[in-house]
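Novice: One structure, pasted below without further comment.
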Amino acid sequence: MKKVLIITYYWPPAGGGGVQRWVKFVKYLQDFGWEPVVYTVENPDYPILDKSIGEEVPKDIEVLKHPIIEPYGVYKKLTGKHKNEKIDANFLSQGKKMAWKDKLAVWVRGNVFIPDARFLWIKPSVKYLSKYLDQNHIDAIISTGPPHSCHLIAYHIKQKFKFPWIIDYRDPWTQIDYFDDLGLTAWSRNRHITLEKKVLNACDIIVTVGKTMASDLRLLTVNRTEVITNGFDESDRIGHGQVTDNYFSVTYIGTMNDARNPEALWKAVSFLKKMNHPLCKELKVNLVGKPEAIVSDSVTYYDINDLVNFIGYVPHKVAIKYQNAAQILLLIINRTSNNASILTGKIFEYLASGRPVLCIGPNDGDAADIIHEAGAGVVIDYDDVNAVVEYLKQNFERYKSGQLKTQTSGIEKYSRRALTGKYAELLNDIIQHK
18 MKKVLIITYY WPPAGGGGVQ RWVKFVKYLQ DFGWEPVVYT VENPDYPILD
68 KSIGEEVPKD IEVLKHPIIE PYGVYKKLTG KHKNEKIDAN FLSQGKKMAW
118 KDKLAVWVRG NVFIPDARFL WIKPSVKYLS KYLDQNHIDA IISTGPPHSC
168 HLIAYHIKQK FKFPWIIDYR DPWTQIDYFD DLGLTAWSRN RHITLEKKVL
218 NACDIIVTVG KTMASDLRLL TVNRTEVITN GFDESDRIGH GQVTDNYFSV
268 TYIGTMNDAR NPEALWKAVS FLKKMNHPLC KELKVNLVGK PEAIVSDSVT
318 YYDINDLVNF IGYVPHKVAI KYQNAAQILL LIINRTSNNA SILTGKIFEY
368 LASGRPVLCI GPNDGDAADI IHEAGAGVVI DYDDVNAVVE YLKQNFERYK
418 SGQLKTQTSG IEKYSRRALT GKYAELLNDI IQHK
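Note that my numbering has the sequence shown beginning at 18, numbered continuously upward.
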């Protein structure tokens with residue numbers, strides 16, 4: 018069986034969306050003639066832990082681990098956080114109303130931690146993997162980022178051993194929505210851009226999760242760029258015996274922050290509450306995940322605390338249960354300048370649930386295209402409160418009459434097994450043409 022070395026920072030027991038993609042690919046790669054060898058970090062500082070995800074990793078997979086120096090200790094000292102407090106890497110994208118210490122930490126992140134806070138893992142990893150590869154055979158390399166330090170590790174391995182190499186972009190690097198908020202000096206900006214172009218031009222194939230991101234990357238390199246989206250696992254799909262909530266539930270799975278705060282929904286619910294609409298007696302908005310303070314502040318401001326349920330982070334298996342039981346699933350696309358390219362992984366699990374999707378975001382983005390193509394729901398603009406009000410009223414009537422359901426189509430191509438098959442085809446292609 019052919020072997021592929023996968024370089025990833027996020028690996029079980031990491032929780033959250035970032036770890037799902039490669040746990041699922043590793044789960045199915047052997048079915049397509051490829052044995053994965055995973056290289057990851059030995060002592061990570063993950064913001065979220067979910068040990069249950071590790072149960073999906075085949076027991077016979079070789080997992081290599083090497084220590085990392087995590088520089089977030091400096092950030093904690095600067096901001097007065099406890100040394101054991103977990104730091105969410107997304108704090109960098111929440112650039113509004115930050116204290117000076119947080120602004121300083123963001124500046125350090127952009128100008129000192131290049132390309133990211135895992136840069137101190139690059140040289141030790143290259144040394145460790147070089148020794149391993151001197152004694153063990155592999156056929157190809159895949160690096161997945163962020164953190165994009167993983168791509169720099171793979172770059173040096175590629176230069177030394179000449180293995181075929183696929184770069185996997187889960188999120189952009191210099192095209193990320195908060196890149197301009199990092200307070201970059203001219204030198205630092207140029208350094209990020211130079212490093213990104215270096216790895217993009219050195220690899221054999223670039224894989225990314227959406228068509229808009231792929232188009233953006235094609236502006237940076239002439240190298241082959243392909244799209245392999247995230248997806249859903251068949252084992253998570255529900256059967257005909259699905260039991261939905263016995264109330265009018267609107268459920269959101271994941272993180273909510275300033276860029277992902279659904280003001281239109283809060284305003285719509287507040288309006289319906291003031292009008293004493295009957296749906297407010299049965300409505301509950303479930304937030305399953307980690308919301309920022311600005312979200313709870315908005316809920317309080319609109320006086321709808323009694324209609325919003327802050328559930329907090331739960332293991333992925335539990336999140337799937339909340340998702341499959343929801344009357345309506347809420348999806349929010351970041352309100353940022355490049356949001357057409359944002360294609361959050363949860364959208365595919367939403368499709369698999371068979372529940373109607375209410376997406377608040379741009380109608381011309383990748384997420385909207387997938388929702389419309391699958392017939393999974395509606396997309397409403399960020400400021401269209403009236404449309405949200407009408408949507409809730411109409412679907413409450415459908416709920417009361419037992420008609421609140423959807424018929425998705427063409428989603429089989431988003432199954433994790435099918436997507437892994439596409440990845441295996443790319444691997445077969447690059448080793449044949451090396």
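Glycine residues also receive a C-beta, built at the ideal position from the N, C-alpha and C atoms. Just so it is clear, the structure is predicted and the values come from calculations on it, not from any experiment.
Please report the straight-line C-alpha distance between Ile-428 and Asp-250, rounded to a whole angstrom.
Specialist: As a first step, residue 428 is located in the sequence shown; it is residue number 411 there, counting from the start. As a first step, residue 250 is located in the sequence shown; it is residue number 233 there, counting from the start. Straight-line Cα distance between these residues: approximately 12 Å.
Novice: Pick helix, strand or coil for Ser-160, following the three-state DSSP scheme.
Specialist: Against the sequence shown, residue 160 aligns to sequence position 143. Strand, per DSSP.
Novice: Can we say the region 233–240 touches the region 256–275, given the rule of at least three CB pairs closer than 8 Å?
Specialist: The region 233–240 vs the region 256–275: no contact.
Novice: Just to confirm the assignment, what range does the beta strand (DSSP E) spanning Thr-225 have?
Specialist: The residue given as residue 225 occupies position 208 in the sequence shown. Where Thr-225 is concerned, the enclosing beta strand (DSSP E) stretches over 222–225.
Novice: Hey, is the region 391–400 in contact with the region 371–378, meaning 3+ C-beta pairs nearer than 8 Å?
Specialist: Enough Cβ pairs lie closer than 8 Å, so yes.
Novice: Using C-beta distances below 7 Å, list every residue in its chain close to Val-143, excluding the 5 sequence neighbours before and after it, in chain order.
Specialist: Walking along the sequence shown from the start, residue 143 turns up at place 126. Ile-170, His-173, Ile-174, listed in sequence order.
Novice: Buried or exposed for Pro-181, going by 16 or more other Cβ atoms inside 10 Å?
Specialist: Within the sequence shown, numbered from 1, the residue matching residue 181 stands at position 164. It counts as buried.
Novice: Roughly how many whole angstroms lie between the Cα atoms of Leu-443 and Leu-137?
Specialist: What you label residue 443 is simply residue 426 of the sequence shown in a count that begins at 1. What you label residue 137 is simply residue 120 of the sequence shown in a count that begins at 1. Leu-443 and Leu-137: Cα-Cα distance of roughly 30 Å.
Novice: Taking Cβ positions, are Ile-296 and Phe-327 nearer each other than 8 Å?
Specialist: For the purposes of this step, residue 296 is identified with residue 279 of the sequence shown, where counting begins at 1. For the purposes of this step, residue 327 is identified with residue 310 of the sequence shown, where counting begins at 1. The question names Ile, but residue 296 is Leu in the sequence shown. Contact: no.
Novice: What is the rounded straight-line gap between the Cα of Asn-445 and the Cα of Phe-49?
Specialist: Sequence index remark: in the sequence shown, residue 445 carries index 428 (1-based). Sequence index remark: in the sequence shown, residue 49 carries index 32 (1-based). Approximately 10 Å between the Cα atoms of the pair.
Novice: Going by DSSP, what residue range makes up the beta strand (DSSP E) through Asn-326?
Specialist: For the purposes of this step, residue 326 is taken as the residue at position 309 of the sequence shown. Per DSSP, Asn-326 belongs to the beta strand (DSSP E) from 325–327.
Novice: Can you tell me where the beta strand (DSSP E) holding Glu-52 begins and where it ends?
Specialist: Residue numbering aside, residue 52 sits at position 35 when the sequence shown is read from its first letter. Note, Glu-52: beta strand (DSSP E), 51–58.
Novice: Using the Cα positions of Ile-223 and Gln-420, report the straight-line distance between them to the nearest angstrom.
Specialist: Stepping through the sequence shown from its first residue, residue 223 is reached at position 206. Stepping through the sequence shown from its first residue, residue 420 is reached at position 403. Taking the straight line from one Cα to the other gives about 44 Å.
Novice: Have a look at Gln-411 and Ser-418 and give me their C-alpha separation to the nearest angstrom.
Specialist: Indexing the sequence shown from 1 puts residue 411 at position 394. Indexing the sequence shown from 1 puts residue 418 at position 401. About 11 Å.
Novice: Measure the C-alpha to C-alpha separation of His-165 and Pro-64 and round it to an integer number of angstroms.
Specialist: Indexing the sequence shown from 1 puts residue 165 at position 148. Indexing the sequence shown from 1 puts residue 64 at position 47. About 18 Å.
Novice: Taking the alpha-carbon of Lys-20 as reference, which of Glu-79, Asp-156, Ile-131 has the nearest alpha-carbon?
Specialist: Taking the first residue of the sequence shown as 1, we reach residue 20 at position 3. With distances taken between Cα atoms, Lys-20 lies closest to Asp-156.
Novice: From the DSSP secondary-structure annotation, give me the bridge partner or partners of Tyr-186.
Specialist: To locate residue 186, count along the sequence shown from 1; it is residue 169. BP columns for Tyr-186 point to Gly-162, Thr-225.
Novice: Here's the rule: buried if 16 or more other CB atoms are within 10 angstroms of the residue's CB, otherwise exposed. What is Glu-366?
Specialist: As a working note, residue 366 is residue 349 in the sequence shown. With 16 or more Cβ atoms within 10 Å of its Cβ, Glu-366 is classed as buried.
Novice: In chain order, what residues of the same chain lie with their CB nearer than 7 Å to the CB of His-450, ignoring the 5 residues before and after it?
Specialist: What you label residue 450 is simply residue 433 of the sequence shown in a count that begins at 1. Contacts found: none.
Novice: Give me, in chain order, the residues of the same chain whose beta-carbon lies closer than 6 Å to that of Ala-246; leave out the 5 immediate sequence neighbours on both sides.
Specialist: If you number the sequence shown from 1, residue 246 lands on position 229. Residue identity check: residue 246 is Thr in the sequence provided, not Ala. For Thr-246, where only same-chain residues beyond five positions count, the Cβ hits under 6 Å are Val-226.
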